[in-house]
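*Asks:*
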Amino acid sequence: MGVSYFAVATSLIGLVGDYLFDDRMLKDRTATDKVAAEISHLYTSGQADKLQPILESHGGDMNGRLMLLDETGKVQLDSFSQLNGSRLELPEVISILSMGKTADYGVHELTGDGQRTWLDYLKPYNPNSEWVSYCSSALTKNGVIYGVLLYSAPVEDMMQRLSSLQSRMILYFLLAAVAAMVIALFFSRVLTKPLATLTRSIQRMGRGDFSVRVPVKGSSEIRRLSETFNTMSEKLEMLDTSRNQFVSNASHELKTPLATMKILLEGIIYQPEMDAELRTEFLTDINREIDRLNSIISDLLTLVSVDSKAMRLKRTTFSLAQVITDTARLLQPVAERNHQELKLVINDKCEMYADCAKLTQVCYNLMENALKYTQEGGSIRVRLIRSGRDAVFTVSDNGPGIPKEDQAHIFDRFYRVDKARSRDTGGTGLGLSIVHQMVLMHGGSISVESEEGAGSTFTVELPIHQG
Ligand SMILES: Nc1ncnc2c1ncn2[C@@H]1O[C@H](COP(=O)(O)OP(=O)(O)OP(=O)(O)O)[C@@H](O)[C@H]1O
Ligand SMILES: [Mg+2]
C-alpha cells in the first residue's frame, strides 16, 4: 500500500509541477517572442541604441530580466545593465545558437548545479537556493539566427507551492500509514484473540481441567469452533465425572463384602473354642461373600469391556423361546423357595440371529430381579411374542413397583431404589445397566412400566435379523 501511495503521490506532484511550469512557460514564451519581434526590427535597422530602455521597460512589466545576446552568446544588452560583455553558456542559449532551435525554456537552481528534472520534485525544497526560469527566443534576419533574446525571472513562488504540496503529501502518507497499521493491528487482534483463548483453553484441558469453556463470539467460523469446543469439553467433563464416580462406586461395592469377610474371619481367629456349627455358618457366609465379590467383579468387567468397545457380538442362530425356558428352569428353585409363581407365556419360537450368551444374561437379570424384589407368594409372568421383525419379551411382577422418580435412573450404574433393602438382597445396581447395554448392542430397546405397590413390567424389543 505504501508503495502504491508513494507512486500516486509522486506522479501527482509531477503533474501539478508540469501544469504550473507549462502554464508559466507559455506565458513567458509569448511575452519573450513578442519582445523579440519588436526589438529585432530596431536591431537590424541600426537603431540598437534605442533598445536598452525598451528592454528595461518590458523587463519591468514582465517582472524579470531581459538580455540580448549576439551570435557568440555574449551579452550585448542587459535590462539590469550588469552582465554586458559576459558570455552566457546556458543550455537555452546553446540550443538556439548551436542547434538552430527558435525558442527554449528551462528552470535552474542558481546555487545548485543544474536544470530542473522530475526528480527535483522529490527533493526537499531548499529555502537557501534561488530558482529561476530562462526563456530564450531566437533573433533572426532572413532566416539566419544572429542573436538570442533571453528572459529570466525568479520562480520561487512556484517552487514553494510545489514544496508545500510535497510536504502535505508526505504528511498524508504518514497519517495513512499509521491509520492502516492501527486498523490492521485491531483486526488481527479481533481475529486472533478468540484463537488465543481457545489455545489456552486446550492447554488447560490437556492438563486435565475439563471444566474449561470459551465465550462464543466473533466471526461465524470462530463461533462454530467455540461451540464445538464447548460441547466437546462438556462431554469430556461428563465422562471424567462418571469415570470417577464409577471407580469410587466400584471400590465401595468391593469393600463391603471384604469388610464382612474380615469380621467373620476375625471371629473365627479370635474364638478358637467356637463351636463347630457356628464356625460352619461363618465359613458359609464367607463363601457367600466371595461369590458376591466374584459376581460384582465379573459385572464390572462386563461393563468395562462394553465401554472400551472391546465387546463384540458373537452371533449365532438360536431360539429366544428356548433361552427363556432354560433361564426359567434355572430360576425355578428360587421361585419355589419364595413360594412365587413363575409363569411363561410363549407364542413364538423367535428364531433369531444374535448373541445367545448376552441375551441369556438379559433374560436372567430381568427374571432374577422380578423374583428378588417381589414379595413371597407373588407372581411373575414372562411373555414372548413376535411383532413384525421384532421379538418382544416382557417380564411382569406384582411386587412393590418402582417409584416414578426412580424409573429414569434404574438403568444407571450402581443405582438402587431402596439402598438398604437391595443391599440385603445382595444387589449392586449393575444388573439393569448391563441389560440396557446388551439390548443396545443388539439394536433393540428396553422400557419399564411400574406403579408403586402394583408391580413392574420390563419390556425388551429385539430385532430378529433372521431370513
Ligand atoms: N422388578 C423389580 N421390582 C422392583 N424394583 C426393581 C425391579 N427390578 C429392579 N428394581 C430396582 O432397580 C434397582 C436396579 O436394579 P439392578 O438389577 O440394576 O440392580 P440390583 O438388582 O440392585 O443389583 P444387581 O442386579 O447388580 O445384583 C434395584 O436395586 C431395585 O431397587
Ligand atoms: Mg439386579
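FYI, our numbering numbers position 232 of the sequence shown as 240, with every residue one higher than the one before it. We put the CB at the ideal spot given by N, CA and C, even for glycine.
1. Which residue comes first and which comes last in the beta strand (DSSP E) that contains Glu-413?
2. Which residue's Cα is closest to the Cα of Glu-100: Gly-93, Gly-81, Leu-118, Phe-88?
3. Hey, Met-375 and Ala-399 are a contact pair by Cβ (cut 8 Å); roughly how many whole angstroms apart?
4. Spatial neighbours of Ala-329 within its chain, please: CB distance less than 8 Å, with the 5 preceding and 5 following residues excluded, ordered by chain position.
5. If you measure between the beta carbons of Ile-421 and Gly-435, is that distance less than 9 Å?
6. Please state whether the Cβ-Cβ distance between Leu-63 and Val-43 is less than 9 Å.
7. Does the count of Cβ pairs from the segment 454 to 464 and the segment 408 to 422 closer than 8 Å reach three?
8. For Gly-67, collect the residues of the same chain with a Cβ closer than 6 Å to its Cβ; drop the 5 residues on either side in sequence, then sort them by chain order.
9. Please report the distance separating the alpha-carbon of Leu-170 from that of Val-24.
10. Tell me the DSSP bridge mates of Gly-155?
11. If you measure from the CB of Ala-343, is any heavy atom of ligand 1 nearer than 8 Å?
12. Please find out if some non-hydrogen atom of ligand 2 comes closer than 8 Å to the beta-carbon of Asn-346.
13. From Leu-311 to Ala-462, what does the alpha carbon distance come to, in whole angstroms?
14. Exposed or buried, Ser-145, counting other C-beta atoms within 10 Å across all chains shown (16 or more means buried)?
15. Tell me whether Val-425 counts as near ligand 1, meaning its Cβ is closer than 8 Å to at least one heavy atom of that ligand.
16. Which residues are close to ligand 3, meaning CB closer than 7 Å to any heavy atom, in chain order?
17. Could you tell me whether the segment 240 to 252 touches the segment 275 to 284, where touching means 3 or more Cβ pairs closer than 8 Å?
18. Taking the alpha helix (DSSP H) that Gly-214 belongs to, which residues open and close that run?
19. Please state whether the Cβ-Cβ distance between Ser-464 and Ser-404 is less than 9 Å.
20. Excluding five sequence neighbours on each side, which residues of the same chain lie with their C-beta closer than 8 Å to the C-beta of Ala-343?
21. On a CA-only basis, which of Ile-21, Gln-369, Ile-294 is nearest Leu-173? Give me that one, please.
*Replies:* The short version:
1. Residue 413 sits at position 405 when you count from the first residue of the sequence shown. It is not in any beta strand (DSSP E) - Glu-413 instead sits in the alpha helix (DSSP H) that spans 412 to 415.
2. Working through the sequence shown from its first residue, we reach residue 100 at position 92. Checking every option, the nearest Cα to that of Glu-100 belongs to Gly-81.
3. Here residue 375 refers to the residue found at position 367 of the sequence shown. Here residue 399 refers to the residue found at position 391 of the sequence shown. So it is not a contact: roughly 16 Å between Cβ atoms.
4. Counting from one through the sequence shown, the residue named residue 329 turns up at place 321. Around Ala-329: Ile-354, Asp-356, Lys-357, Cys-358, Leu-392.
5. What you label residue 421 is simply residue 413 of the sequence shown in a count that begins at 1. What you label residue 435 is simply residue 427 of the sequence shown in a count that begins at 1. Correcting the residue type first, residue 421 is Arg in the shown sequence and not Ile. No, Cβ-Cβ distance for Arg-421 and Gly-435 is not below 9 Å.
6. As a first step, residue 63 is located in the sequence shown; it is residue number 55 there, counting from the start. As a first step, residue 43 is located in the sequence shown; it is residue number 35 there, counting from the start. Leu-63 is a Cβ neighbour of Val-43, given a cutoff of 9 Å.
7. yes
8. One-based indexing of the sequence shown puts residue 67 at position 59. Same-chain partners within the cutoff: Arg-73, Leu-74, Ser-87.
9. In the sequence shown, the residue the question calls residue 170 occupies position 162. In the sequence shown, the residue the question calls residue 24 occupies position 16. The alpha-carbon atoms of Leu-170 and Val-24 are separated by roughly 8 Å.
10. Start at 1 with the first residue of the sequence shown, and residue 155 comes out as number 147. According to DSSP, which records beta bridges pairwise, Gly-155 is partnered with Asp-78, Leu-147.
11. Here residue 343 refers to the residue found at position 335 of the sequence shown. Result no, Cβ not under 8 Å from ligand 1.
12. On the sequence shown, position 338 is the one that residue 346 refers to. No, Cβ of Asn-346 sits at least 8 Å from all heavy atoms of ligand 2.
13. Locating residue 311 in the sequence shown gives position 303, where the first residue counts as 1. Locating residue 462 in the sequence shown gives position 454, where the first residue counts as 1. Rounded to the nearest angstrom, the two C-alpha atoms are 31 Å apart.
14. Taking the first residue of the sequence shown as position 1, residue 145 is located at position 137. Flag for Ser-145 reads buried.
15. Stepping through the sequence shown from its first residue, residue 425 is reached at position 417. Closer than 8 Å to some heavy atom of ligand 1: that describes the Cβ of Val-425.
16. You won't find ligand 3 in this model; what it holds is ligand 1 and ligand 2.
17. no
18. Walking along the sequence shown from the start, residue 214 turns up at place 206. 164 to 214 is the span of the alpha helix (DSSP H), which, as asked, contains Gly-214.
19. Counting from 1 along the sequence shown, the entry for residue 464 is found at position 456. Counting from 1 along the sequence shown, the entry for residue 404 is found at position 396. Taking 9 Å as the Cβ cut-off, Ser-464 and Ser-404 qualify as a contacting pair.
20. The sequence position of residue 343 within the sequence shown is 335, counting from 1. Glu-349, Leu-350, Leu-379, Ile-388.
21. On the sequence shown, position 165 is the one that residue 173 refers to. For the residues Ile-21, Gln-369, Ile-294, the minimum Cα distance to Leu-173 belongs to Ile-21.
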